[in-house]
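Residue 205 in the numbering used here sits at position 214 of the sequence shown, with consecutive numbering throughout.
Even for Gly, the Cβ is constructed at its ideal location relative to N, Cα and C.
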Amino acid sequence: MAEIRDAVMVDYARTPFGVASRKNPGFFADKRADDLAAVVVEELIKRTRIDPASIDEIIMGAVYQGGEQSSPGRGIGLMTCPVEVAALSVDRACCSSMTGAHIACMAIQLGLGDIFIVGGIESHSHFPAPLITADTDLVALAEEIGSSRGLPNARIFEKVDLNAVVSMGLIAEKLAAMYDISREEQDQWALRSNLRAAAAQREGKFKHEIVPIEGKLPDGTVKLVDYDQGVRPDSTIEKIRSLPPLYKPDGTICAASTSGENDGAAVAVLMSKEKAKELGLVPMVTVRAMAWVGVDPAIMGYGATVASRKALERAGLSVDDVDLWETNEAFATLPLLQIKEMGIDPEKMNVNGGACCIGHPTGASGMRVLGTLAYEMNRRGARYGLAAICGAWGAGAATVVVREDYWEGRRAFLS
């Protein structure tokens, strides 16, 4: 049997994340998500100086894969690479792009390829999700959506409640009650997320991570944007406390403590360690362990915690061994749950803010948390990091990475 090889991330970049709003269209309301991704892919090829013909495969995740987001892997591959480059499209709900990274890493480990472009996309401006509250008529909504998109198989609902499949907000409310996470805790976390992300923007921590892209400002002006639209530097705890519950009258989640809807793309270049060294590229991190799980859809948000435990076990590490954690904040409830359940130091979690304000373009978020983690590990000289994300219908994924003593060479990710 061939020796298992190491997979490394040599570069990562993303678009700014625009807000998807029906009332006030965001930066990228007029742009296709695959066009956004193509800009990032082309930038990564330029930064790493790889020959596009040498890419073994381009893998892209998206949650909604219909219409203009059909077969995103092949479509984006044809836009940016020779036709001979293989392509794959992945759907594991919000875990899609992290799952794409796992597929690429397994191929690298088995010697089935050396260079992979992996990422994810989503345009919630073009494919909006309905806001589901405790008062929503789910049957009527299902019929309305089903008229254009088709309905899930009825046999699914013999095992799980309809709410567990379609209402992420009510699931997060359920988890908050189960784990005794108060409205105040969530409000404080939302404030922390905004202030830390605003500080990261101000201090230039995202300058290598974000590829500036032309977007439309609220006044109609078109210009290059290089920041996430949802971050609110003027956030205060008083403003957040004044927001009404979003999903049910006595709920604990408000607009500030949920991620909302966004447009964007996130992409990384993964290689075998041997290929990176041959090309003189210094890796950001080495992938140490991966995990993906299923959980009861009724507690979908718990998936990130379950996957994190599994990844730690596979890595042979403890919670205390991990220097930095990056968990997708679809809701503030989720990192708070993970901190309580696993005994994580809060100061190691989402240190530059999270999806509550940075944004959650669902197909891109799994790669976003992994790439953001890799950048911060290099800034701090951290050794171990863990990125995790949950997904609709009861999914979870996690990745443990390690920053090693690499060879001298070019750090494309700082280009």
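### Message
Let's test the definition: count the other Cβ atoms within 10 Å of the Cβ of MET368 and tell me whether it reaches 16, buried, or not, exposed.
### Response
Counting from one through the sequence shown, the residue named residue 368 turns up at place 377. So MET368 counts as buried.
**Request:** Return helix, strand or coil for ASP(-3), following the three-state DSSP convention.
**Result:** Residue numbering aside, residue -3 sits at position 6 when the sequence shown is read from its first letter. Secondary structure of ASP(-3) (DSSP, three-state): coil.
Looking only at its own chain, which residues have a Cβ that is under 8 Å from the Cβ of GLU200, when we skip the five neighbours before and after it? Here residue 200 refers to the residue found at position 209 when the sequence shown is read from its first residue. Within the same chain, GLU200 has close Cβ partners TYR3, ALA4, ARG5, GLY362, THR363, TYR366.
Discussion item. Tell me which residues share the same chain as TYR293 and place their Cβ nearer than 6 Å to its Cβ, disregarding the 5 neighbours each side in the sequence.
Written reply: Position 302 of the sequence shown, counting from 1, holds the residue named residue 293. Taken in chain order, the residues that qualify are VAL286.
What residues are listed by DSSP as bridge partners for ALA388? Here residue 388 refers to the residue found at position 397 of the sequence shown. Residue pairing by DSSP puts ALA388 in a beta bridge opposite TRP283, ILE380.
Exercise for review: In the DSSP assignment, find the alpha helix (DSSP H) that holds LEU69 and state where it starts and stops.
Suggested key: In the sequence shown, the residue the question calls residue 69 occupies position 78. Where LEU69 is concerned, the enclosing alpha helix (DSSP H) stretches over 63 to 71.
ask   = Are ALA321 and CYS85 close, meaning C-beta to C-beta below 8 Å?
value = As a working note, residue 321 is residue 330 in the sequence shown. As a working note, residue 85 is residue 94 in the sequence shown. In contact: ALA321 and CYS85 (Cβ atoms closer than 8 Å).
Practice task
Evaluate the contact criterion for the region 224 to 237 versus the region 71 to 82: three or more CB pairs, one atom per stretch, below 8 Å.
Solution key: The answer is no - the region 71 to 82 does not touch the region 224 to 237, with fewer than three Cβ pairs under 8 Å.
* Asked: Rounded to whole angstroms, how far is the Cβ of VAL360 from the Cβ of ALA302, which I believe are closer than 8 Å?
  -> Your numbering for residue 360 matches position 369 in the sequence shown. Your numbering for residue 302 matches position 311 in the sequence shown. Rounded, the Cβ-Cβ distance is 13 Å, inconsistent with contact.
Worksheet item: In terms of residue numbering, what span does the beta strand (DSSP E) encompassing ILE204 cover?
Response: The residue you call residue 204 lines up with position 213 of the sequence shown. Counting along the chain, ILE204 sits inside the beta strand (DSSP E) bounded by residues 204 to 207.
query: Start and end of the beta strand (DSSP E) containing VAL31?
result: Counting from one through the sequence shown, the residue named residue 31 turns up at place 40. The continuous stretches of beta strand (DSSP E) do not include VAL31, which lies in the alpha helix (DSSP H) extending over residues 24 to 39.
Touch test, the region 253 to 270 against the region 92 to 111, Cβ-Cβ under 8 Å, three pairs minimum: With a cut-off of 8 Å, the region 92 to 111 and the region 253 to 270 count as touching, because enough Cβ pairs lie within range.
Between ALA11 and GLU338, what straight-line distance do the alpha-carbon atoms span, to the nearest angstrom?
Position 20 of the sequence shown, counting from 1, holds the residue named residue 11. Position 347 of the sequence shown, counting from 1, holds the residue named residue 338. Roughly 30 Å between the two C-alpha positions.
Self-check item: Straight-line Cα distance separating LEU377 from ASP396
Solution: Mapped onto the sequence shown, residue 396 falls at position 405. Mapped onto the sequence shown, residue 377 falls at position 386. C-alpha separation (whole angstroms): 18 Å.
Notebook entry, point to check: In terms of residue numbering, what span does the alpha helix (DSSP H) encompassing SER80 cover?
Noted result: Taking the sequence shown and counting its residues from 1, one reaches residue 80 at position 89. For SER80, there is no enclosing alpha helix (DSSP H); the residue is part of the beta strand (DSSP E) that begins and ends at 77 to 81.
- request: Check whether the Cβ atoms of ILE307 and PRO326 lie closer than 8 Å to each other.
  value: As a first step, residue 307 must be located in the sequence shown, where it is residue number 316. As a first step, residue 326 must be located in the sequence shown, where it is residue number 335. Note on residue identity: the sequence assigns Gly, not Ile, to residue 307. At the C-beta level, GLY307 and PRO326 stay beyond 8 Å of one another.
Q: Thinking ILE380 and ALA295 are a contact (beta carbons under 8 Å), I'd like their distance in whole angstroms, please.
A: For the purposes of this step, residue 380 is taken as the residue at position 389 of the sequence shown. For the purposes of this step, residue 295 is taken as the residue at position 304 of the sequence shown. A Cβ-Cβ distance of about 6 Å is found for the pair ILE380 and ALA295, placing them in contact under the 8 Å criterion.
Checklist line | Between the CA atoms of LEU101 and ASP171 - distance to the nearest angstrom | finding: Within the sequence shown, the letter at position 180 stands for residue 171. Within the sequence shown, the letter at position 110 stands for residue 101. Rounded to whole angstroms, ASP171 and LEU101 show a C-alpha spacing of 44 Å.
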